[in-house]
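Have a look at the structure below before the remarks.
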């Protein structure tokens, strides 16, 4: 790696070469501090015009020129300030040339915001930045740009990694009583009805009672025996949370397709009078006018449920006696902007998820993980009597970090529970269960009184459980397993429409 | 009322005055049809230049000139088409002058989109439109503009009507055990915690158990005895629903301050690559860039719960045997962009509402309304032992329609249930119960097999019930009424933070 920064210092007064050049010479010790002998940053060029001092700094792996530029600023301020009452007003990185190796020869152009140019000779990349601000230099932005170029070159080489998916369990065969698409039958019976919005349904009383029965089974089979208690997690999520959880950096990438929420610049009726007048006169929403009256989005609708939970523990140190924390949430729907993949009731934009979340020492977390994995199997195979399989997959956050760990028994990893849909022969993911290691506690600065803090989470949805159940068992309650029927109070009579 | 429209007809070919003027003369019968003799629309001027025919049409209350313009178009097409193969290509309202009386002399300027000018002489308004399109003329937009001007003048006169609020019931005195602000105590105990988003809380296990106890009490006291069953209503709402319910026309007016949702123009990762790169490099969300990649909002987050229910019955005719329909929904939070009024846990942007909704004949609806009103009283006074009062108020949709009806017993109207907050002496609205008459079935084209269809709805929230309860009874379960305590399983132990 070779870095070369041409840095312009604007001083508070005009100075002479005679005054300032010797100071630059004396600065060499400061610029090399912390690096092996001879490998620190070096001044390789300089020029002065009135109050404008240009210094060219070079370095390799040790002491980045942008760090060196600030060391030099302090040194200059110190030397010029006391005796000569001259300060440094501003630094601008006029030209920053960064040469480094990438993992492969790129197969196509690499683009990056803030870069003047990015070019390659074989596996050697030259990144040029121009006129970068003091703040930009200070925030170590350059290192993040280098990482991102390497990431992009690697992505060109390997593309999106195939999701790691290994079958680790095949359930025993259970009776199946239906061969049709359950979504169609749900719609025919008016147990659900499509709304004017894409991939959204309203749940009639009959399907709602079945969802409630799934809740009762969940509590009875999983939550009560394992000591999980209910919480209500927020369902709109401030950007700051997705920044910490890592979701923000994958906005509309790799499956993170959220709905965003948006609020007015002002709710003063006067500001909205013209829009309302137009609606009153035409009966239509003047979309373009509305956009001008809205703030940029402040965040999104809950996508997965667990990131907004972490507000609860953020910045806290949890007493040992309160660990492990075992909670669940089903207090509201989550949203995914589904593209081609949306289908019927089993893949919707408005999804009613069931979140199971636990926090404790790494050992506690893994123990609960294994207990839950068995309980989910019991719920699916013994209560709902579903034909299922389990697969080991790479959790999303690990994909993002480039980690791939097959040894779920020993640490982080995700197990998916899939049920077969007889009507089309495909497997539907109904539930997952993940040990997330220390990623969330680290991201949200949550600590244990003693030792490490880790967490796990598991997600299911009423739509998926019921789609799988009805696809395999059909709509005749006589064909439903007794162990599940006991959780159903009474299925309300169908509302009759003419 | 006096209306005068100068209308430009563009014909498909040049014609002569000799051909077209006699046809205009013959049209007089068509233009007067349906009006008392002499009071229909009249042609008071005409001119022709090649293929451009200008006709000036005047009328009073009967046969609006914009209707007359289309009658004339048809007449012209008929007379010119057959014999001369000339058609009418386009109509433009070049100048439309509308003179009408308003309820009062306006005290300030009245503005309206699409109006060239609006002027007054005393109580007489002259509205001028210029260059209005065929579509604009056809949609009866002019009548909606006249109504809106009258409404605005009336508003100048009377301002926002004071909410009609009449105490109709004062409950008996119940013991109170607390004088502090319960929100503060909830935060101190970490039963709730503020999130990074405005007026939003995460519910810890303890407050969630209390919310669940309120649910159990609701089911036991109200829903089970009265035969209400659960549904799951959508929680994002397409504009088309708010257009029908009438909410859209009051966007950010009169308390309708919704959150809107917004989705990307495309979820193609390529389109979002630059935004993601910026987030990865700077760690910040580039708000302005994001706005360019988003569609205008397609609707909002649920505000009240009941409008999106109506998808279920929209366009349907409900069989007599299925009436009345009695349902409830607590499947997710609703959102209000609260301004100055937001305070602690009792007034939040993310609110967990409880919606009770019933549909039937007007008699069924009113009978259920009265039953519910008594049950809500029992829940509040006998189970939660709250100090309450009831007030008769004007429901929102009636305010919009300008209706004010004191005789709730006989028809539409709303009763509010308010509980006193000892810490500041104010009354908090905890629950309401409304007979909404036929407004929703009409708006959503829902019909009964026989007779009229009407509906009612009632809203409460866990936040409000619990704020009132904790404000009056405090946090020592010993002071909580036995009839409520039986619905609490176990309050989970406080999580201990260091």
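Residue numbers (our numbering), protein chains in the order written: chain A, 1 to 498; chain B, 1001 to 1498.
Virtual Cβ for every residue (Gly too), placed ideally from N, Cα, C.
If you're wondering where the values come from, they're calculated on a predicted model, not measured in any experiment.
Check	Outcome
Leaving out five residues on either side along the sequence, give the residues of the same chain with a beta carbon under 6 Å from the beta carbon of residue 491 of chain A.	206, 209
When DSSP labels each residue in this structure, what does residue 96 of chain A get in the three-state scheme?	strand
Which residues share a DSSP beta bridge with residue 1457 of chain B?	B/1357, B/1434
Considering only residues of the same chain and omitting the five flanking positions on each side of residue 171 of chain A, which have a CB-CB separation below 7 Å?	381, 387, 388, 389
On a Cα-Cα basis, can you pick out the residue from A/458, A/379, A/78, A/54 that is closest to residue 511 of chain A?	Beyond the ends of chain A as shown, which are 1 and 498, falls residue 511 of chain A; an answer cannot be given.
At a cut of 8 Å, does the region 1054-1066 of chain B reach the region 1031-1038 of chain B through at least three beta carbon pairs?	yes
Given this structure, state the Cα-to-Cα distance separating residue 1178 of chain B from residue 1221 of chain B, to the nearest angstrom.	26 Å
How many Å lie between residue 117 of chain A and residue 293 of chain A at the Cα?	37 Å
Quick check on residue 1329 of chain B: does DSSP put it in helix, strand or coil?	strand
CA-CA distance, residue 1041 of chain B and residue 1141 of chain B?	18 Å
How close, in whole Å, do the beta carbons of residue 322 of chain A and residue 1495 of chain B come, if the pair is a contact with beta carbons under 8 Å?	5 Å
Is there a C-beta anywhere in chain B that falls below 7 Å from the one on residue 230 of chain A?	yes
Thinking residue 1501 of chain B and residue 1215 of chain B are a contact (beta carbons under 8 Å), I'd like their distance in whole angstroms, please.	Since the first residue of chain B shown is 1001 and the last is 1498, residue 1501 of chain B is not available in this structure.
Could you list which residues in chain A have their beta carbon closer than 8 Å to that of residue 1240 of chain B, in chain order?	196
Please tell me whether residue 1061 of chain B has its Cβ less than 7 Å away from any Cβ of chain A.	no
Using the three-state DSSP reduction, which class does residue 181 of chain A fall into: helix, strand or coil?	coil
Give me the subset of the region 308-329 of chain A whose CB atoms are less than 8 Å from a CB atom of chain B, sorted by chain position.	308, 309, 311, 312, 316, 317, 318, 319, 321, 322, 325, 327
Using a C-beta cutoff of 7 Å, does residue 495 of chain A count as contacting chain B?	yes
Considering only DSSP beta bridges, list what residue 419 of chain A is partnered with.	A/388, A/428
What is the C-beta distance between residue 1134 of chain B and residue 1098 of chain B, in whole angstroms, given that I count them as a contact (C-beta under 8 Å)?	About 18 Å; that fails the 8 Å criterion.
From this set, A/424, A/369, A/450, A/421, which residue's C-alpha is nearest residue 415 of chain A's C-alpha?	A/369
Any heavy atom of the ligand MN inside 6 Å of the beta-carbon of residue 1389 of chain B?	Looking at this structure, you won't find the ligand MN or any other ligand, since it has none at all.
Of all the options B/1470, B/1332, B/1287, B/1197, which has the alpha carbon lying nearest to the alpha carbon of residue 1354 of chain B?	B/1332
For residue 136 of chain A, which residues does DSSP report across the bridge?	Note: residue 136 of chain A sits in no beta bridge, so no partner.
I need the straight-line Cα distance from residue 1259 of chain B to residue 1336 of chain B, nearest angstrom please.	6 Å
Pick from A/186, A/350, A/127: whose alpha carbon is nearest that of residue 3 of chain A?	A/127
Just to make sure I have the definition right: I need the residues of chain B whose C-beta is within less than 7 Å of the C-beta of residue 275 of chain A. Which are they?	1251
Go through its chain and collect everything with a Cβ distance to residue 157 of chain A's Cβ below 6 Å, but skip five positions before and after it.	104
Identify the contact partners of residue 1272 of chain B in chain A, using a Cβ-Cβ distance below 7 Å as the criterion.	251, 252, 253
Secondary structure at residue 350 of chain A, three-state DSSP: helix, strand or coil?	strand
My guess is that residue 1272 of chain B and residue 251 of chain A are in contact by the Cβ rule of under 8 Å, so how many angstroms apart are they, rounded?	6 Å
What residues are listed by DSSP as bridge partners for residue 393 of chain A?	A/165, A/414
Apart from the five residues on each side of it in sequence, which residues of its chain come closer than 8 Å, Cβ to Cβ, to residue 111 of chain A?	118
Assuming residue 204 of chain A and residue 1176 of chain B are in contact, meaning their beta carbons sit under 8 Å apart, how far apart are those beta carbons, in whole angstroms?	Contact doesn't hold; Cβ gap of about 42 Å is too wide.
Please list, in chain order, the chain B residues whose beta carbon lies closer than 8 Å to that of residue 211 of chain A.	1232
For the region 48-97 of chain A, list the alpha helix (DSSP H) runs that are entirely contained and at least 4 residues long, ordered along the chain.	65-84
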